[in-house]
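Inspection log for the structure reproduced underneath, given as structure tokens.
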Amino acid sequence: MLVVAEHEQLPVPQARAGESSAWDTLFRRYQLPLYVYVFELVHNEQTSLDIVQETFIAAARHIGSLREDGKFGSWLFGIAHQKVIQLWRKHGGKEILLDEIPESPDEFESGPDDLLVRQEQEAEFMNLLNQLPLAQRSALLLHFVEDFSLEEIARITESQIGTVKSRMHYAKRALRKLLEEKQ
Amino acid sequence: MKTPRDILFARHQTAAPKLDAIRREVLAAELNNQETKEQSQPSNFVAWFLCCSNKFWQELIWPSRRIWTGLAATWILIFVFNLSQRDPSEMMARKSPPSSPEMILTFPQQERLLAELVGPNEPQTVAPPKPFLPQPRSEGRIEILIT
Chain A
80 MLVVAEHEQL PVPQARAGES SAWDTLFRRY QLPLYVYVFE LVHNEQTSLD
130 IVQETFIAAA RHIGSLREDG KFGSWLFGIA HQKVIQLWRK HGGKEILLDE
180 IPESPDEFES GPDDLLVRQE QEAEFMNLLN QLPLAQRSAL LLHFVEDFSL
230 EEIARITESQ IGTVKSRMHY AKRALRKLLE EKQ
Chain B
599 MKTPRDILFA RHQTAAPKLD AIRREVLAAE LNNQETKEQS QPSNFVAWFL
649 CCSNKFWQEL IWPSRRIWTG LAATWILIFV FNLSQRDPSE MMARKSPPSS
699 PEMILTFPQQ ERLLAELVGP NEPQTVAPPK PFLPQPRSEG RIEILIT
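Just so you know, the sequences run in chain order A and B.
Each residue of the first sequence is one higher than the one before, counting from 80 in our numbering.
Each residue of the second sequence is one higher than the one before, counting from 599 in our numbering.
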């Protein structure tokens, strides 16, 4: 199982220099999290694999545009997120990732593990996750999969921090409520 | 009890072999691409141009395609209206054929006829222009002072 390290050392400078082993390490590290994120938004295996591939190609070609090596992960997810939006636009989708939700209270539970799910609730959890509006699901997935901070999620989804905070708050509250109802 | 991350990753673990294949493919293609980067500068430019135009189309034109269509339709209407409002005599004048050499030859005859009808012209008493004679600067100055 892949564990997200607090301050993991990624070979980004070596990848910038064109070392294939560095790219291999980076792609290996992010391939499954990226796939999980994309799949849970588009719900199509082949499309998700295509988007992951396109994201890797774009990353390899445009690594020069990455300003801080420490933000490689959020930069990579940002590329994937844009690819998902492009896909929706191509299929005539509305701006479904930009829904308007009311302001949330200031408190925010930061840990992705504060929501624990029992084994018998797993299917129900996934079902509930898929019922969430796309913008909320996107923010929550980024939080669950990579434990991105609010700032990072805002950067990836090109949203305001306040908006991300609201999405997370309402998404978590909805999930928790639904899980409690099922108990 | 499991975390959401555990559940999500466990659900998609089966995609790992396909992701491995994609990773290898991208690495092979991109490394090869970097080696031939210098050779393919023009194709890079074409790719960049295509990418830019695609982005331009997708982000500027396509999202507001109805507005652009409306604007285009308005311009066409204005153009058609403008055409329909033009003076027809202007159009006829444009359509008339260019004057032939015979027509040009008749002009002096017509002029002569007109002169006969009006009567002979009085001789012109206009003095011929003075020939320019160069003068010393000092004389020229005096002349100016006198006048």
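All residues carry an ideal CB built from backbone N, CA and C; glycine is no exception.
In the DSSP assignment, B/Pro699 falls within the alpha helix (DSSP H) that extends over Pro699 to Val716. Using a CB distance cut-off of 8 Å, A/Trp167 does not count as an interface residue toward chain B. Fewer than three Cβ pairs drawn from the region 242-253 of chain A and the region 85-95 of chain A lie within less than 8 Å of each other, which leaves the two stretches out of contact. In the DSSP assignment, B/Lys600 is bridged to A/Val196. The three-state secondary structure of A/Ala96, taken from DSSP, is coil. Under the Cβ criterion of 8 Å, B/Pro602 is counted among the residues facing chain A. Here DSSP, grouped into helix, strand and coil, assigns A/Pro112 to helix.
Neighbours of B/Ala671 in chain A, taken as residues whose beta carbon is under 8 Å from its own, are absent, since the nearest beta carbon is some 22 Å off. Contacts with chain A at 8 Å (Cβ-Cβ) include B/Phe607.
Each residue's CA atom was taken as its position, placing B/Leu681 and B/Ile659 some 29 Å apart. For B/Leu658, no alpha helix (DSSP H) segment is defined, and its DSSP state is neither H nor E. By the Cβ neighbour-count rule, A/Trp102 is buried, with 16 or more other Cβ atoms within 10 Å of its own. B/Ala619 and B/Ala626 have their alpha carbons spaced roughly 11 Å apart. One alpha carbon belongs to A/Thr126, the other to B/Arg684, and they sit about 57 Å apart.
The shortest CA-to-CA distance from A/Arg246 to any of A/Gln215, A/Leu258 and A/Leu194 is the one to A/Gln215. At least 8 Å separates the CB of B/Leu648 from every CB of chain A.
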